[in-house]
Amino acid sequence: MSKEFFIWRDNFSVGNQIIDDQHKKLIAIINRLYQSYMDKKQVDEISSIMKELADYTRYHFTTEENLIREKKYPFIAEHIKEHDFFIEELRNFKEQFDSSPSILTLKVMTFLQKWLKEHILVNDQKYKEYIVR
C-alpha cells in the first residue's frame, strides 16, 4: 500500500459535516490522481480522474458558496474569486493534459495539494464562525 500524498487532518474541519465530507472526498480524488500518475496509468484513466476532480470541485464550491451566502458571510465575493481561480487552473491543467499528457508533473500535483490545503486552512477557516452559530 502506498503512502498518501494528501492527508486529512482534524484541523481542516470547518465545523460542518457536509463541507468536511466534501473536503475529504476532494482529498481522496487528488490522492487517486497522484497514485495514477505515480503508477503511470493510461492517459484516459488519468484524464477521467482529472475530469472527476474538476466536476466534484465545482459541485463542492457551489455547496459551500450556497452555505456561506445563507449564513451571510461578509467576505463571500473574495471567497468566490478564490474558487473561480482554482476552477480555471483545473480547466487549464485538463486542457494542457489532453493535448500533452506529459504536462501532468509532480509540480502540478503539488500545486493541487498545496492550494486546496491552504484554501481549507486559511480561507475556509475564516467562515467557520459564521456557519457554526
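Heads up: the sequence shown runs through residues 0 to 132, numbered per numbering that gives the first Met the number 0. From the three backbone atoms N, C-alpha and C, an ideal C-beta is built for every residue, glycine too.
Item                                                                                                                             : Value
Contacts around Ile29, its chain only, beta-carbon distance under 8 Å, and the 5 residues preceding and following it disregarded : Phe4, Phe5, Leu52, Met108, Leu111, Gln112 and Leu115
Cβ-based neighbour list, Met0, same chain, cut-off 6 Å, excluding 5 preceding and 5 following                                    : With a pLDDT of 45 at Met0, under the threshold of 50, the modelled position of that residue is not reliable, and no figure is offered here.
Given 8 Å, three or more beta-carbon pairs between the stretch 56-75 and the stretch 85-100                                      : yes
Counted within 10 angstroms of its Cβ, other Cβ atoms place Val121 as buried (16 or more) or exposed                             : exposed
Whether Phe92 touches Met49 by CB criterion (8 Å)                                                                                : yes
Every unbroken beta strand (DSSP E) inside the stretch 99-124 [3 residues or more]                                               : none
Cβ-Cβ separation, Val13 to Lys106 (assumed contact under 8 Å), whole Å                                                           : Actually they are not in contact, since the Cβ atoms of Lys106 and Val13 sit about 28 Å apart, beyond 8 Å.
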